[in-house]
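Using my numbering, the first residue of the sequence shown is number 6, and each one after it goes up by one.
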Amino acid sequence: TKGRKSQEVSVLINRDELARKVLEGEITNLDDLNSVLRSMIKDVVETAMGAEMTSFLGYDRYRTPDSDPGNRRNGYSQKELASKIGPIVIDVPRDRKSEFAPAIVKKRHKDIGGFEELILSMYAKGMSTRDIQHHVKEIYNHDISPETVSRITDAVIDKAKEWQNRPLEPIYAIVFMDALFLKLRVDGRVKNVAAYLMVGIDLEGKKECLGIWLGQSESAKYWLSVLNEFKNRGVNDVLIFAVDGLTGFPEAIRAVYPQAEIQRCLVHQVRNSLAQMAWKDRKEVATCLRSIYTAPTEEAGLMALAQFEEIWGRKYPQVVLSWKRHWTELATFFNYPEAVRRLIYTTNPIESLNSRVRKTVKGKSVFPTEIALFKALYLAVAEAEKRWTMKTRNWPEIMAQLSIFFQDRLQGYLC
Numbered sequence: 006t007k008g009r010k011s012q013e014v015s016v017l018i019n020r021d022e023l024a025r026k027v028l029e030g031e032i033t034n035l036d037d038l039n040s041v042l043r044s045m046i047k048d049v050v051e052t053a054m055g056a057e058m059t060s061f062l063g064y065d066r067y068r069t070p071d072s073d074p075g076n077r078r079n080g081y082s083q084k085e086l087a088s089k090i091g092p093i094v095i096d097v098p099r100d101r102k103s104e105f106a107p108a109i110v111k112k113r114h115k116d117i118g119g120f121e122e123l124i125l126s127m128y129a130k131g132m133s134t135r136d137i138q139h140h141v142k143e144i145y146n147h148d149i150s151p152e153t154v155s156r157i158t159d160a161v162i163d164k165a166k167e168w169q170n171r172p173l174e175p176i177y178a179i180v181f182m183d184a185l186f187l188k189l190r191v192d193g194r195v196k197n198v199a200a201y202l203m204v205g206i207d208l209e210g211k212k213e214c215l216g217i218w219l220g221q222s223e224s225a226k227y228w229l230s231v232l233n234e235f236k237n238r239g240v241n242d243v244l245i246f247a248v249d250g251l252t253g254f255p256e257a258i259r260a261v262y263p264q265a266e267i268q269r270c271l272v273h274q275v276r277n278s279l280a281q282m283a284w285k286d287r288k289e290v291a292t293c294l295r296s297i298y299t300a301p302t303e304e305a306g307l308m309a310l311a312q313f314e315e316i317w318g319r320k321y322p323q324v325v326l327s328w329k330r331h332w333t334e335l336a337t338f339f340n341y342p343e344a345v346r347r348l349i350y351t352t353n354p355i356e357s358l359n360s361r362v363r364k365t366v367k368g369k370s371v372f373p374t375e376i377a378l379f380k381a382l383y384l385a386v387a388e389a390e391k392r393w394t395m396k397t398r399n400w401p402e403i404m405a406q407l408s409i410f411f412q413d414r415l416q417g418y419l420c
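Take a look at the structure:
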């Protein structure tokens, strides 16, 4: 009808005006952005339902069928849908016989909260904005620009910042820290930037990512600021830090959490040692190194290190020096029984997360801004955390041991 066409034009103009304001930076708050998103979702849903009606009747809108189809379009009815970005009023196409049953929004179904998450989910799983554009086109036959996808995913920035600054548990049994390197465009040049992820295991054995930090260099001063932020979010104590060989991190830990024990990742230490050796020697050297970290006691480990130095010290003195220099942090796990040793001697729990994150972001070769990189990492972490439904393996046994080793520090935290 004439009135409906006038309304469509009005909605389209308003939508384009809102989109223009977003692109030109005139919209700066989440409410205005949500208005744009609601308009976009309304457009996609109505387009998809129109396509469903065409398929149901067997002829396109505004075209006269070759023969009497027995049923025809019969205008629209309005329906208000609930979504996480506010109510959305859509026009649902009707047929004369009331036989049309849309699939995208079923009859008597008034919640479309999952639709806006579809695009975020695809983005979190590593699809680029153009991949999502083509995906939505194939599913809904709706053209959505990469810029629109970016605006939708940008809506999570406030949520990501809130997550990054959320209060944490007052104490964690173990905290793992590791870095992965990604490419970021900085001042017109592509640079490798380290993204540091921290994963904590609480006293109940539950695992969670505690935060994401982006940095272009490692220093004790930088790590001191990270750990001070960590403490300001409510973390009063950490029993054990399991970390890669991050420069300056052990010094920062001792400054903020002086009672915490530090375990340097043995897998990284072995990997770095082998990287400095001739290929022909690596297999034999790896066997010798294994005798160090599989020793039953620290004394036996030191004896194995002395034997390693006797055999390989003249040829690879820098490797022996590295093991001696970091021995205090490498040997922490000797203080604990097997169940605890297996958990802390390597940063595997966080390397598993890093692996998922790398798989997710591999389609994005270079990130244009730090915000874009942080957004992608947050969505990837949120997607990975959905799989963390189980407690840490053998946790009752591990916690029983820790409760004895750290009896004084755990008073008031355990029931």
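Built from N, CA and C at the ideal position, the CB exists for glycine as well.
Owing to the predicted nature of the structure, the values given are computational and were not obtained by experimental measurement.
Distance from the CA of THR397 to the CA of ILE206, rounded to the nearest whole angstrom, comes to 8 Å. Going by DSSP, PRO98 is part of the beta strand (DSSP E) stretching over 93-100. LEU335 has its alpha-carbon roughly 48 Å from the corresponding atom of LYS89.
A straight-line Cα-Cα distance of about 12 Å links GLY253 and VAL231.
Around the beta carbon of VAL191, fewer than 16 other beta carbons lie within 10 angstroms, which makes this residue exposed. Two segments are said to touch when three or more pairs of C-beta atoms, one from each, lie closer than 8 Å; by this definition the stretch 331-350 touches the stretch 298-317. By DSSP's assignment, TRP218 forms a beta bridge with TYR201.
Taking a C-beta distance under 7 Å as the contact criterion, PHE181 and PRO354 qualify as a contact pair. One thing to note: ALA225 has its Cβ no nearer than 7 Å to the Cβ of PHE246. Contact between VAL324 and SER278 holds: their C-beta atoms lie close to 5 Å from each other, under 8 Å.
With respect to ALA389, ARG361 sits close: the two C-beta atoms are nearer than 7 Å. Per DSSP, the continuous beta strand (DSSP E) segment holding ALA178 begins and ends at 176-191. The three-state secondary structure of TYR81, taken from DSSP, is strand. Contact check for GLY239 against HIS273 fails: the beta carbons are separated by 7 Å or more. Counting other Cβ atoms within 10 Å of its Cβ, MET404 reaches 16 or more and is therefore classed as buried.
When HIS331, SER357, GLN416 and ASP413 are compared, the shortest CA-CA separation from LYS212 is found for SER357. The alpha-carbon separation between ARG330 and GLU343 amounts to approximately 25 Å.
Counting along the chain, no beta strand (DSSP E) covers PHE372, and no H or E run does either.
Remark: C-beta atoms of ASN79 and ASP100 approach each other more closely than 7 Å. Within 10 angstroms of the beta-carbon of LEU419 lie fewer than 16 other beta-carbons, which makes it exposed. With fewer than 16 other beta carbons inside 10 angstroms of its own, ARG392 counts as exposed.
DSSP places GLN268 inside the beta strand (DSSP E), whose first and last residues are 266-269. Between THR352 and VAL248 a beta carbon distance of about 7 Å is seen, short of the 8 Å cut, so the two are scored as contacting. The three-state secondary structure of ARG414, taken from DSSP, is coil. By alpha-carbon distance to SER327, the top candidate from ARG276, GLU209, GLN83 and LEU384 is ARG276.
DSSP places PHE235 outside any beta strand (DSSP E); the residue lies instead in the alpha helix (DSSP H), whose first and last residues are 225-237.
Nearest Cα to ILE217 within the set ASN359, GLU209, PRO401 and GLU104: ASN359.
The C-alpha of VAL290 is placed about 33 Å away from the C-alpha of ALA257. DSSP places LEU326 inside the alpha helix (DSSP H), whose first and last residues are 322-330. ALA165 and LYS380 do touch by the CB rule: their CB atoms are close to 6 Å apart, below 8 Å. About 5 Å separates the beta carbon of ALA178 from that of LEU244, a gap short enough to meet the 8 Å contact definition. One alpha carbon belongs to ASN39, the other to PRO92, and they sit about 10 Å apart. MET54 sits away from PHE105, with the two beta carbons spaced by 7 Å or more. According to the DSSP assignment, VAL290 belongs to the alpha helix (DSSP H) that extends over 287-298. Residue pairing of LEU86 in beta bridges, as defined by DSSP: ILE93. Sorting MET282, ARG347, VAL345 and TYR350 by C-alpha distance to the C-alpha of GLY318 places MET282 at the top.
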